[in-house]
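*Asks:*
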Amino acid sequence: MLKQLKNANKKKEEKIKELETFIARFSANASKSKQATSRKKLLEKITIDELKPSSRKYPYINFETDTRLGKQVISLNKVNVNINDKDILKNITININGDDKIALIGENEIAKTTLIKTIIGEITPNSGEIKIGSTVKMSYFPKNHDKYFENNENLIDWLRKYSEDQDDSFIRGFLGRMLFSGEETLKQVNVLSGGEKVRCMFSKMMLNKGNVLLLDEPTNHLDIESITALNNGLKKFAGPIIFSSFDTELINTLANRIIYIKEDGTYIDKQMTYEEYLEKYQN
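The sequence shown begins at 1 in this note's numbering and counts up by one.
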């Protein structure tokens, strides 16, 4: 809407300039006086629309790295995970490459979360092998992150634990990027809203400066502005990303590889965009 108003105003300004030029040139010309008067009346009717600044606030999300990623990233070979006598993942064999943006899709949420937790080492597979490259540094966004916010620390002290720079001004500045300013930085973390906790987790991830990102349903609890900021931040990230989400816009604009995990724990792995996958496999 703002862009449309700007374009409309630009055309009006061009028209105003054209009319003013004609009036200045021909207002004293007897043969053109009627035309000049007509243009004066037309000029008086043209109004430039006021462009009010948007009240929408966007956090600044940018995932920087401090370790260069080598050729070997992450590989899983015949990985099986069984939980409570139920097969969750079956014979998973995938190689994650340096330019992969992998979307984990499907209704089997437990399997998607289990795969991410298996990659980062929170879950040990019952069989199979996982190899992590020596240069890999993973930054992880868990779907359930309540355990990070169980104490009554304020936001500054909470974030300081994950920062090399311990200075208050740095921590406050970083929180400001995530829309926490002034007295909000002293808010206790155990009373934060769902969306505020998610933004805090993004801050933690950014301070970690991982060269591989793993995110399990990161858009839950977020407003449209925060989702847009996250999407833009992930698109700028050069390294591999493995993420699960039901946000089709995020998947459409980010993923170049789709892994569909079926209800029985088996999977389909295709190097293609989400639109290509839907067109080829979901029709």
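Don't be surprised by glycine CBs; every beta carbon is placed ideally from N, CA and C.
#1: Please state the DSSP three-state secondary structure of Tyr58.
#2: Does the distance from the C-beta atom of Asn62 to that of Ser127 stay below 8 Å?
#3: Comparing alpha-carbon positions, which option in Lys41, Ser245, Tyr277 lies nearest Asp216?
#4: Whole-angstrom Cβ separation of Glu150 and Gln188, contact assumed at under 8 Å?
#5: On the three-state DSSP scale, how would you describe Leu159?
#6: Below 8 Å on the Cβ atoms is my contact criterion, and I expect Thr135 with Thr67 to pass it. Report the Cβ-Cβ distance as a whole number of Å.
#7: Enumerate, from N- to C-terminal direction, the unbroken alpha helix (DSSP H) stretches of 4 or more residues contained entirely within the segment 83 to 122.
#8: Sort out for me which residues DSSP pairs Lys131 with in a bridge.
#9: Considering just the uninterrupted stretch of the beta strand (DSSP E) at Met138, what are its terminal residues?
#10: Just curious, the beta strand (DSSP E) that Lys270 is in, first and last residue?
#11: How big is the Cα-Cα spacing for Glu263 and Asp87?
#12: Taking 8 Å as the threshold (C-beta atoms), are Val198 and Leu159 in contact?
#13: Note the first and the last residue of the continuous alpha helix (DSSP H) segment covering Tyr260.
#14: Taking buried to mean at least 16 other C-beta atoms within 10 Å of its own C-beta, is Leu42 buried or exposed?
#15: Considering only the beta carbon of each residue, do Ile120 and Tyr140 sit closer than 8 Å?
#16: Using alpha carbons as the reference points, say which of Leu115, Lys71, Leu230, Ala103 lies closest to Asn91.
#17: Which residue marks the beginning of the beta strand (DSSP E) containing Val198, and which one marks its end?
#18: Tell me, which residues are paired with Phe243 by DSSP?
#19: With distances taken Cα to Cα, identify the nearest neighbour of Phe243 among Phe237, Ile251, Glu164.
#20: On the three-state DSSP scale, how would you describe Asn154?
#21: With distance defined between alpha-carbon atoms, name the residue in Gln282, Thr219, Asp157, Val212 nearest to Lys101.
#22: In its own chain, which residues sit with a C-beta less than 6 Å from the C-beta of Phe237, not counting the 5 before and 5 after it?
#23: With Arg172 as the anchor, note down where its alpha helix (DSSP H) starts and where it stops.
#24: Rounded to a whole number of angstroms, what is the C-alpha to C-alpha distance between Ser226 and Pro59?
#25: I need the straight-line Cα distance from Lys71 to Glu183, nearest angstrom please.
*Replies:* On the basis of the data shown:
#1: The sequence position of residue 58 within the sequence shown is 58, counting from 1. Coil, per DSSP.
#2: Here residue 62 corresponds to residue number 62 of the sequence shown, with the count starting at 1. Here residue 127 corresponds to residue number 127 of the sequence shown, with the count starting at 1. Cβ distance not < 8 Å, so Asn62 and Ser127 don't count as in contact.
#3: Counting from 1 along the sequence shown, the entry for residue 216 is found at position 216. Sorting Lys41, Ser245, Tyr277 by C-alpha distance to the C-alpha of Asp216 places Ser245 at the top.
#4: One-based indexing of the sequence shown puts residue 150 at position 150. One-based indexing of the sequence shown puts residue 188 at position 188. For a cut-off of 8 Å, the C-beta gap from Glu150 to Gln188 is around 11 Å, too long to register as a contact.
#5: Indexing the sequence shown from 1 puts residue 159 at position 159. For Leu159, the secondary structure class from DSSP, reduced to helix, strand or coil, is helix.
#6: As a working mapping, residue 135 is identified with position 135 in the sequence shown. As a working mapping, residue 67 is identified with position 67 in the sequence shown. With a Cβ gap of about 6 Å, Thr135 and Thr67 count as contacting.
#7: Every alpha helix (DSSP H) stretch that sits fully inside the segment 83 to 122 and reaches 4 residues is listed by chain position as 109 to 120.
#8: In the sequence shown, counting from the first residue as 1, residue 131 sits at position 131. DSSP lists Ser75 as partners of Lys131.
#9: Taking the first residue of the sequence shown as position 1, residue 138 is located at position 138. Start and end: 138 to 141.
#10: One-based indexing of the sequence shown puts residue 270 at position 270. Unbroken beta strand (DSSP E) run through Lys270: 267 to 270.
#11: By one-based count along the sequence shown, residue 263 stands at place 263. By one-based count along the sequence shown, residue 87 stands at place 87. As the crow flies, the alpha-carbon of Glu263 is around 10 Å from that of Asp87.
#12: Within the sequence shown, numbered from 1, the residue matching residue 159 stands at position 159. Within the sequence shown, numbered from 1, the residue matching residue 198 stands at position 198. It is not a contact, given that the beta carbons lie outside the stated cut-off.
#13: For the purposes of this step, residue 260 is taken as residue 260 along the sequence shown, with counting starting at 1. Premise fails: Tyr260 lies in the beta strand (DSSP E), 257 to 261, not in any alpha helix (DSSP H).
#14: Within the sequence shown, numbered from 1, the residue matching residue 42 stands at position 42. Taking all protein chains in view, the Cβ of Leu42 is surrounded by fewer than 16 other Cβ atoms within 10 Å, so the residue is classified as exposed.
#15: Position 120 of the sequence shown, counting from 1, holds the residue named residue 120. Position 140 of the sequence shown, counting from 1, holds the residue named residue 140. Cβ atoms of Ile120 and Tyr140: closer than 8 Å.
#16: For the purposes of this step, residue 91 is taken as the residue at position 91 of the sequence shown. Of all alpha-carbon atoms in Leu115, Lys71, Leu230, Ala103, the one lying nearest the alpha-carbon of Asn91 is that of Leu115.
#17: As a first step, residue 198 must be located in the sequence shown, where it is residue number 198. Careful: Val198 lies outside any beta strand (DSSP E), inside the alpha helix (DSSP H) at 194 to 208.
#18: Looking up residue 243 in the sequence shown gives position 243. According to DSSP, Phe243 bridges with Ala103, Leu215.
#19: Here residue 243 corresponds to residue number 243 of the sequence shown, with the count starting at 1. In terms of Cα proximity to Phe243, the closest of Phe237, Ile251, Glu164 is Ile251.
#20: Numbered from 1 along the sequence shown, position 154 holds the residue referred to as residue 154. Asn154: strand per DSSP, three-state reduction.
#21: Residue 101 sits at position 101 when you count from the first residue of the sequence shown. Relative to Lys101, the option among Gln282, Thr219, Asp157, Val212 whose CA is nearest is Val212.
#22: Your numbering for residue 237 matches position 237 in the sequence shown. These residues qualify, in order along the chain: Phe63.
#23: Mapped onto the sequence shown, residue 172 falls at position 172. Per DSSP, Arg172 belongs to the alpha helix (DSSP H) from 168 to 177.
#24: Stepping through the sequence shown from its first residue, residue 226 is reached at position 226. Stepping through the sequence shown from its first residue, residue 59 is reached at position 59. Ser226 and Pro59 have their C-alpha atoms some 6 Å from each other.
#25: Residue numbering aside, residue 71 sits at position 71 when the sequence shown is read from its first letter. Residue numbering aside, residue 183 sits at position 183 when the sequence shown is read from its first letter. Cα to Cα, the separation comes out at about 45 Å.
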